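First the structure, in the form of C-alpha cells, and then the observations on it.
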Amino acid sequence: MPEASREDDSPHVQQLRAALHYAIGRICDDVAAERGTPFRRTVVATLTEAALSQAAVMARDLELFAQHARRAAVCADDVKLLVRRSPTLSAELQREARRLAAHAKVAKERRRAQRGRRGARGAGRGASAAADPRTATDDGEVMELE
Amino acid sequence: MDGNPSTSEGAGDAAAAAPPTDAPEAPAAPLVLKERTVEELMRLHFSSPRTRLGAEGLRLTTMALQLYVREAALRASDQARLTGAPEVGLEHLEKVLPQWLMDI
Chain A
1 MPEASREDDS
11 PHVQQLRAAL
21 HYAIGRICDD
31 VAAERGTPFR
41 RTVVATLTEA
51 ALSQAAVMAR
61 DLELFAQHAR
71 RAAVCADDVK
81 LLVRRSPTLS
91 AELQREARRL
101 AAHAKVAKER
111 RRAQRGRRGA
121 RGAGRGASAA
131 ADPRTATDDG
141 EVMELE
Chain B
1 MDGNPSTSEG
11 AGDAAAAAPP
21 TDAPEAPAAP
31 LVLKERTVEE
41 LMRLHFSSPR
51 TRLGAEGLRL
61 TTMALQLYVR
71 EAALRASDQA
81 RLTGAPEVGL
91 EHLEKVLPQW
101 LMDI
C-alpha cells in the first residue's frame, strides 16, 4: 500500500508503535529484573523508535529474499538469512526452525493417518471434507503449520 | 564481530568479563511481542501486496525482532553497569546503538 504519509503518524502506525512500545517495555522490565538496574522511560521510547526503523529494514530485506527465491511468502530460510550476521540470533532461530519443522512433520503424519482411517471406513468421496487438515487436527494451535 | 554484549567493542572497555547472555541450553524466552503486531509492521513496509509471511516465517521474524531488541537492552544495561550508573539512561543506549545496528 504505497501511501506517502504512511510512514510516521497515521493512526494505524501509531497503534503499531504503541503495541511495540508496550512489548519493548516488558522486554526492558525483564532485563531490569535480571540485571538489577531499571531503565529510564526515555530509553524504552528511543529503543522503540530504533526498533521501528529496523523493522522497516527487516521487512524490505525479507521481501527481497523471498522474491529472489521466486516466492510470495516469507519463510524460515529468509529469516535465517536475515540474521546471519548475529551468531546468537542465528543459533536461537535455527533451533526454533528445527522445532517448528519437526512439529509440522508430526502434524502432517497425523493428518495422513487420520485420512487413511476415514478412507478405510468406506465413507468414499464424502470423507474428503472431513479429512480437511484444519478440522482434523486436534492441536488447538493457532498457528496452522500446514 | 560477535553480537554478544560481553565482547562488544562499543562499550569502550574490554575489561568486562560478563558471562554470555544467551546460554545455548536455556529455552528461548516466551514471546511478549505479538505475531499479529509484527505481521502488520512487516506488511506496512512490503513493497508488493503479494508479499506475505508464512506461519513459520512470522514466528521466526517475531522471535528475531524480540531477541534483537532484547540484545540492545542487555548491551545498554551492561554499559550502565560498566559506568556504575544507578539506572540505564539514554547515554548508555546511544553508546551501544551503532554496533547493534550493524549486527543484523
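From first to last, the protein sequence lines stand for chains A and B.
UniProt numbering numbers the first residue of the first sequence as 1 and each following residue consecutively.
UniProt numbering numbers the first residue of the second sequence as 1 and each following residue consecutively.
We put the beta carbon where it would ideally sit given N, CA and C, even for glycine.
Note that the structure is predicted; figures quoted are calculated from it, not measured.
Please name the residue, chosen from the options, that lies closest to residue i on a Cα-to-Cα basis.
i                      : options                      : result
B/G54                  : A/L62, A/R99, A/G119         : A/L62
B/M42                  : A/T48, A/I24, A/V74          : A/V74
residue 156 of chain B : A/A107, A/C28, A/E34, A/A113 : Residue 156 of chain B lies beyond the range of chain B shown here (1 to 104); nothing can be said about it.
B/P30                  : A/R111, A/E96, A/R41, A/R115 : A/E96
A/R99                  : B/E56, B/R52, B/R50, B/K34   : B/E56
B/T62                  : A/P11, A/A107, A/R112, A/I24 : A/I24
B/T83                  : A/S10, A/T46, A/T37          : A/T37
B/D78                  : A/F39, A/Q15, A/A76          : A/F39
B/R70                  : A/A69, A/A104, A/E92         : A/E92
A/S86                  : B/G89, B/L65, B/F46, B/L33   : B/L65
A/D9                   : A/A69, A/L52, A/R26          : A/L52
B/L44                  : A/R26, A/R70, A/Q14          : A/Q14
Could you check what DSSP says for residue i in three-state terms: helix, strand or coil?
i      : result
B/D2   : Interpretation of B/D2 is limited by its pLDDT of 45, a score under 50 that renders its predicted location unreliable; the figure taken from the coordinates is listed afterwards. Note: B/D2 maps to coil in three-state DSSP.
B/R59  : helix
B/T21  : Any reading at B/T21 is ruled out, since the residue's pLDDT is 48, under 50, leaving its predicted position unreliable.
B/A53  : In the sequence as displayed, the identity of residue 53 of chain B is Leu instead of Ala. Reduced to three states, the DSSP call for B/L53 is strand.
B/V69  : helix
A/V31  : helix
B/G32  : Correcting the residue type first, residue 32 of chain B is Val in the shown sequence and not Gly. In this structure, B/V32 counts as coil in the three-state DSSP scheme.
A/S10  : coil
B/T83  : coil
A/S86  : coil
A/A102 : helix
A/A69  : coil
B/I104 : coil
B/A26  : Low confidence applies here, because B/A26 scores a pLDDT of 45, under 50, leaving its location unreliable and the question unanswered by this model.
B/A76  : helix
When you compare the CB positions of residue i and residue j, do they come within less than 8 Å of one another, or not?
i     : j     : result
A/V43 : B/A76 : yes
A/K80 : A/Q94 : yes
A/R17 : A/T48 : yes
B/T37 : A/L89 : no
A/V83 : B/L74 : no
A/A50 : B/L67 : no
B/L58 : B/E40 : no
B/R81 : A/R41 : no
A/A72 : B/R52 : yes
A/A76 : B/L60 : yes
A/R26 : B/V32 : yes
Look up residue i in the DSSP assignment and give the residues it is bridged to.
i                      : result
B/L44                  : The partner list for B/L44 (beta bridge, DSSP) is empty, contrary to what the question assumes.
residue 147 of chain A : In this structure chain A extends from 1 to 146, so residue 147 of chain A is not present and cannot be described.
B/V88                  : A/F39
Please tell me whether, using a cut-off of 7 Å, the distance from the CB of residue i to the nearest non-hydrogen atom of the ligand MG is below it.
i     : result
A/Q94 : The model depicted lacks the ligand MG and carries no ligand whatsoever.
Indicate whether at least one CB of chain E lies closer than 8 Å to the CB of residue i.
i     : result
A/D78 : The chain labelled as chain E is not found among the protein chains of the depicted structure, namely A and B.
| For the stretch 53–73 of chain A against the stretch 89–99 of chain B, are there 3 or more C-beta pairs whose distance is under 8 Å? | no
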